[in-house]
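In order, the protein sequences belong to chains H and Y. In terms of our numbering, the first sequence is residues 1 to 109. In terms of our numbering, the second sequence is residues 110 to 218. Glycine included, C-beta positions come from ideal geometry on N, C-alpha and C. In what follows, a structure is listed as structure tokens, so that the remarks can point back to it.
There are 2 protein chains.
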Amino acid sequence: MGRRTPDLGRFTDVALLVLVSLAEGDKHGYRMIQDIEEFSGSSLEPGTLYGALMRLEERGWIEALPSDERRRPYRITPQGVDALREQLATLRRIEETGSRRARPSWGVA
Amino acid sequence: MGRRTPDLGRFTDVALLVLVSLAEGDKHGYRMIQDIEEFSGSSLEPGTLYGALMRLEERGWIEALPSDERRRPYRITPQGVDALREQLATLRRIEETGSRRARPSWGVA
DNA sequence: TCCGCTTACTAAGTGAAACTGAATAACGAG
DNA sequence: CTCGTTATTCAGTTTCACTTAGTAAGCGGA
């Protein structure tokens with residue numbers, strides 16, 4: 001459930017979901033998958049998640065913490081928090097516009 | 110401005126933006142570009158927009174209206190409205206989770 | 001009338017990312 | 001010692017977003 005529609009867009013980026021997840025606290029990949037599933041309903045396959053982690057790290061929005069060689073935890077960086085806040089603001093604007101427009105008794109009268 | 114970050118995700122799907130735009134009323138492509146620019150800050154290039162329109166039409170979420178051979182107007186379908194509402198709900202959940210988590214005095218104490 | 005601007009869409013080609021799915025492996029429970 | 005969960009890596013494919021360029025109708029002004 002909470003399916004990302006194949007063909008057509010995904011409707012929410014993996015990168016955003018990761019940032020939201022890490023905003024709660026440090027996590028390793030596998031826990032992010034579970035967390036993201038809970039708050040967004042999107043179940044990510046490993047390949048999708050780890051690919052996004054790599055790119056986010058290159059961007060400097062998250063950083064790897066000392067790994068215990070089984071789990072590889074990540075932390076969101078200050079730049080990551082900035083980016084997240086900015087994106088959330090944009091998201092809110094779009095969501096509000098959409099809600100306003102899709103609300104008024106569609107199909108009725 | 111309102112840049113979609115090249116590499117890394119786009120953070121908002123073109124398809125969603127189109128649905129929000131059409132939720133306000135019928136529009137042809139060029140006007141959607143302007144409308145979307147206004148409410149989301151994302152300026153789409155023609156190729157991006159028209160590609161999304163094609164896929165949305167195949168999906169049955171929008172439909173082409175009789176064209177005057179210069180403008181090609183589109184209308185959102187009932188299924189499109191359903192899909193939009195569902196996506197907005199998901200978006201709101203993500204946005205709320207993100208805002209809650211990114212809020213509490215980050216980096217302070 | 002013809003020049004140029006805005007409007008409006010079409011089309012081609014590229015790269016990056018999301019997705020699937022399978023392989024690997026450590027660890028705990030029983 | 002075996003099975004299920006935890007956790008990550010990797011390979012391969014699809015698809016979308018992006019850029020850019022091209023076509024063309026309509027309109028205002030000189």
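- At least one beta carbon of chain Y lies nearer than 7 Å to the beta carbon of Ile94 of chain H.
- Straight through space, the alpha carbons of Ile145 of chain Y and Arg101 of chain H are spaced by roughly 13 Å.
- Proximity of Ser152 of chain Y to chain H, defined by a Cβ-Cβ separation below 7 Å, is not satisfied.
- The Cβ atoms of Tyr183 of chain Y and Ala192 of chain Y lie no closer than 7 Å to each other.
- With the criterion set as a beta carbon lying under 7 Å from some beta carbon of chain Y, the members of the stretch 24-52 of chain H are Glu24, Phe39, Ser40, Gly41, in sequence order.
- For Pro78 of chain H, the enclosing alpha helix (DSSP H) begins and ends at 78-102.
- By the CB criterion at 7 Å, Gly207 of chain Y and Thr186 of chain Y fall outside the cutoff.
- Put simply, the CB of Leu65 of chain H is far from chain Y, with every gap to its CB atoms at 7 Å or more.
- Ala161 of chain Y places its beta carbon 7 Å or farther from that of Val190 of chain Y.
- DSSP, reduced to helix, strand and coil, places Glu58 of chain H within a helical segment of the structure shown.
- If you look at Arg180 of chain Y, you'll find it isn't in any alpha helix (DSSP H); DSSP assigns it neither H nor E.
- When 7 Å is used as the limit between beta carbons, Arg210 of chain Y is near these residues of chain H: Val20, Ala23, Glu24, in chain order.
- When the beta-carbon positions are compared, Ile33 of chain H and Leu22 of chain H stay at least 7 Å from each other.
- When Y:Glu147, Y:Thr121, Y:Gly138 are compared, the shortest CA-CA separation from Ser176 of chain Y is found for Y:Gly138.
- Contact between Val129 of chain Y and Ile94 of chain H holds: CB atoms are separated by about 6 Å, below the 8 Å threshold.
- Taking the Cα of Glu86 of chain H as reference, the smallest distance to any Cα among Y:Tyr159, Y:Glu133, Y:Arg212 is reached at Y:Arg212.
- Bounds of the alpha helix (DSSP H) holding Asp35 of chain H are 29-40.
- Residue range 123-132 is occupied by the alpha helix (DSSP H) that includes Ser130 of chain Y.
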